[in-house]
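Those letters in the sequence shown? Residues 1 to 271, by the numbering used here.
For each residue, glycine too, the CB sits at the ideal point set by N, CA and C.
The model shown is predicted, which means the values in this text are computed figures rather than measured ones.
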Amino acid sequence: MQNYTNNFVLRANEQRKSGKMETLKEKEWLFINDLIKKLYEQKNMQDLGDTFLLSIRKLIKYKAAVFTVVSSDFTVVMDKSTFSSEIDADYMKIYNEQFAYQDFTNPILSFPMSTSFRDSDVIEDDYMLKHAFYREWLKPKGYRHLGGLLVKVPNQVDVIVSFCRDETNGPVQDRECFILELFIGHLENIIYSIMQPKAIDFLDCKGLDIYDNLSIREKEIFPYILKGYSNQELADEFCISTSTAKKHVYSILRKFNLNSRGDLIKYMIAR
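Structural data, given as C-alpha cells:
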C-alpha cells in the first residue's frame with residue numbers, strides 16, 4: 001500500500017488545490033448551479049443523499065453509489081443512501097458485517113478536511129487487485145474503480161460518497177474530482193443546517209446590534225434563512241418574487257459581512 005500521507009495529502013493539496021481550473025461546458029455549469037439549488041431544498045440527510053446520487057450521475061458516471069453519514073468518531077453509521085439496481089440491502093449488509101473494516105478507502109476518513117478522492121490515492125493498483133475487499137466484494141459485481149467525496153462537518157458528522165465504476169467508466173479523473181469539489185462548501189453548509197434544527201429554533205437575536213439594523217421584512221425572513229429555506233421557498237412563504245427574496249437574503253448577508261447562508265448559520269449558533 002502507498003504511503004497515505006506522502007501520496008494522498010500531497011496530491012490533494014498540491015495537484016488539485018493548485019488553482020488549476022478544469023474546462024466545463026456552459027450546460028455543465030448550469031446543471032451544477034441547478035443541482036446546488038436543489039440540494040439546498042432538502043430537509044433531511046436521506047433526501048439529500050438520494051438527490052445528490054441521482055443527479056450527479058449526469059456528470060460523474062458510475063455503476064453504483066453510496067452516500068453514508070457517520071458520526072465524527074467513525075463509530076456510528078447514522079444514515080445511508082444507495083442508488084443502484086445492484087447494491088441492494090442484502091449486499092450492503094454483507095459489506096457492513098464483513099468488509100467495512102477491510103475497505104481500503106477507510107484511511108480517507110482520517111483526512112482533516114473535506115476532499116474528493118479516488119482509489120489510487122490510497123492503494124497501488126497491483127495491491128488493490130489482490131486485496132480481499134476487491135476480490136470478494138467489488139469484483140463479483142464488476143466494480144473495478146472507486147472514487148468519491150468526503151465531506152467533514154466538525155463536531156457533527158462526516159459524509160462519504162463512494163462511486164463504484166467498471167472498466168468502461170474507468171478510473172476517476174482529475175476533471176471529475178474538480179466537479180465534485182465544487183459541491184464541498186455547499187454540502188458542508190447544507191449538512192450543518194440539517195444537523196442543527198433544534199439549535200436554530202431557539203436562537204436568540206436580542207441584543208445583537210446587526211440584527212437590530214435589519215429591516216422589518218428582513219427580520220421576518222431571517223429565521224427562515226436559518227432553517228434552510230431556499231429563495232423560492234422564501235418567495236412562496238412571504239408572497240414575494242424570487243428575485244426580491246434573493247435581494248433580501250443578499251442584504252442580510254451583507255449587513256452581517258458574511259458570504260453565505262451557511263456562514264450565517266454557523267455565526268448565529270456560535271454566539
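Quiz item: To the nearest whole angstrom, what separates the beta carbons of histidine 145 and valine 172, a pair I think is in contact under 8 Å?
Solution: About 7 Å separates the beta carbons of histidine 145 and valine 172, which is inside the 8 Å limit, making them a contact pair.
Self-check item: Proximal residues to isoleucine 265 (C-beta, below 6 Å), its chain only, five neighbours per side dropped
Solution: Ser193, Leu226
Self-check item: Beta-carbon gap between aspartate 119 and threonine 105 smaller than 8 Å
Solution: yes
Exercise. Give a yes or no on contact between the region 47-66 and the region 160-178, applying the rule of three or more CB pairs nearer than 8 Å.
Key: yes
Quiz item: Near glutamate 28, what residues of its chain come up, given a Cβ to Cβ distance below 7 Å and the 5 sequence neighbours on each side ignored?
Solution: Leu59
Quiz prompt | Contact set for phenylalanine 256: own chain, Cβ-Cβ below 7 Å, skip 5 residues either direction | solution = Ile210, Leu264, Tyr267
Quiz item: Do you know whose CA, among Ser230, Glu220, Cys177, lies nearest asparagine 189's CA?
Solution: Ser230
Quiz item: Helix, strand or coil: how does DSSP classify glycine 170 here?
Solution: coil
Quiz item: Beta-carbon separation of cysteine 177 and serine 215 under 8 Å?
Solution: No, the pair does not count as a contact, with Cβ atoms beyond the cut-off.
Self-check item: Proximity below 8 Å, CB of phenylalanine 133 to CB of aspartate 103
Solution: yes
Quiz item: Looking at leucine 48 and leucine 35, is the spacing between their C-beta atoms short of 8 Å?
Solution: no
Practice problem: Using the DSSP secondary-structure output, state which residues sit across from alanine 89 in a beta bridge. | Solution: DSSP output for alanine 89 lists no bridge partner at all.
Exercise. Rank Leu24, Gln42, Lys139, Lys25 by C-alpha distance to the C-alpha of histidine 186 and give the top, closest one.
Key: The shortest C-alpha separation from histidine 186 is found at Gln42.
Quiz prompt | Buried/exposed call for methionine 128, threshold 16 Cβ in 10 Å | solution = buried
Quiz item: Buried or exposed: where does lysine 93 fall if 16 or more other Cβ atoms within 10 Å of its Cβ makes it buried?
Solution: exposed
Quiz prompt | Backbone CA spacing between isoleucine 191 and lysine 152 [nearest angstrom] | solution = Distance from the CA of isoleucine 191 to the CA of lysine 152, rounded to the nearest whole angstrom, comes to 9 Å.
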